[in-house]
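Residue numbers (this note's numbering): 38 to 323.
Quick reminder that beta carbons are idealized off the backbone N, C-alpha and C, glycines included.
This structure is a prediction, so every number in the text was calculated from the model and none was measured.
One structure below.
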Ligand code: PRT
Ligand code: ZN
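Shown next, in the form of structure tokens:
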């Protein structure tokens, strides 16, 4: 029988779409909007198990799934020791402590003897223990941010991304307990055959992820400025320089990290670069 890898992803929630998109960008055909527990890819030896994110660590630990995609926060909270194979760069957020905005907050000792509402008791306890603070944890399963307003707690420990939920509930972020992003986890004892498929998958993940972090940059530059322009490019390799049909001009092509582009754009313009194009890259094999 053909060996297939079974990957657990979130059934519905913040990670589902991005997880499916990542697989799709890797050329893996995945049925959309499937309501069944398990779907099969037709063109890659992988089956997709759709679960609640909280169940993923256990499934991967027990080997019911070979791989899983979930937030690091959920993985650590679960207590299962499952290796992280790769950080996936999406669903970035942090687990933070927050208090009502009028509180005169002077430091983590503020929480001594206080009541904190959270859905992350394990991570919170570890953090408080490290800081030598003893507080009462009030574990609730949803809408943690309303707890202080209804007198249920003095503060909360919850996931923050933009901060707007805290803001609209009259709370302020005072401590960052951990930073999290989506990760790929793997069962500890995959067979040789499964590891081979995993390596193929990781090769594709790398190609897709480096592509999304980089852009293809094309521009026209006067010949006497070509060297200067090349000097300010943070490219991966030496750029391609091709003469244009217009006398005295060249085109420069290179790949640059997206976050570097805005740092050099003024420098390019000052050196006479024109017709600057920044083009998305679909796949990048280093
Ligand atoms: O049903 P299931 O158990 O599968 O899903 P879930 O409800 O447990 O999780 P879900 O889908 O809400 O989140 C899945 C994962 O996304 C989390 O475990 C985090 O790793 C990650 N993530 C990234 C977030 C956020 N950003 C986020 N903003 N998870 C939750 N939030 C919530 C937060 O709880 C708070 O209510 O959004 C609010 C804060 O957002 P801002 O932007 O207002 O700060
Ligand atoms: Zn969950």
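On the three-state DSSP scale, how would you describe residue 193? strand
* To do: Note down, one range per segment and in chain order, each alpha helix (DSSP H) of at least 4 residues found wholly within the segment 201-272.
  => 201-205, 229-250 and 263-269
**Asked** So does residue 91 have its beta carbon nearer than 6 Å to some heavy atom of the ligand ZN?
**Response** yes
- Based on Cα-Cα distance, which residue from 160, 255, 226 and 168 lies nearest to residue 311? 255
**Prompt:** Relative to the C-alpha of residue 75, which residue among 86, 322 and 246 is closest?
**Reply:** 86
- Item | Selected residue, minimal CA-CA separation from residue 99, among 45, 179, 300 and 181 | 45
Original post:
Comparing the CB of residue 196 with every heavy atom of the ligand PRT, is any distance shorter than 6 Å?
Top reply: yes
Kindly indicate which three-state DSSP category residue 396 falls into: helix, strand or coil? Here the chain covers residues 38 to 323 and nothing more, so residue 396 does not appear.
* Kindly list the residues whose CB is nearer than 7 Å to the CB of residue 319, restricted to its own chain and excluding five residues on each side of it in sequence; keep chain order. => 248
Practice prompt. Run the CB neighbour count on residue 43, radius 10 Å, all protein chains shown included, and call it buried at 16 or more, exposed below.
Written response: buried
- Query: Touch check for the segment 217-233 and the segment 122-131: three-plus C-beta pairs under 8 Å?
  - Reply: yes
Q.
Taking only three categories from DSSP, how would you classify residue 161?
A. helix
Discussion item. Would residue 266 and residue 258 qualify as a contact pair, given that the criterion is a beta-carbon distance under 7 Å?
Written reply: yes
message = DSSP has residue 121 in a bridge; who is on the other side?
response = 222
Which runs of the alpha helix (DSSP H) fall wholly inside the segment 67-99 and span at least 4 residues, in chain order?
-> 93-99
_On the CB-based measure, 16 or more other CB atoms within 10 Å of its CB, does residue 271 come out buried or exposed?_
exposed
* To do: Would you decide whether residue 94 is buried or exposed? Buried here means 16 or more other CB atoms lie within 10 Å of its CB.
  => buried
- request: Leaving out five residues on either side along the sequence, give the residues of the same chain with a beta carbon under 6 Å from the beta carbon of residue 328.
  value: As shown, the chain starts at 38 and ends at 323. That puts residue 328 outside it, with no answer to give.
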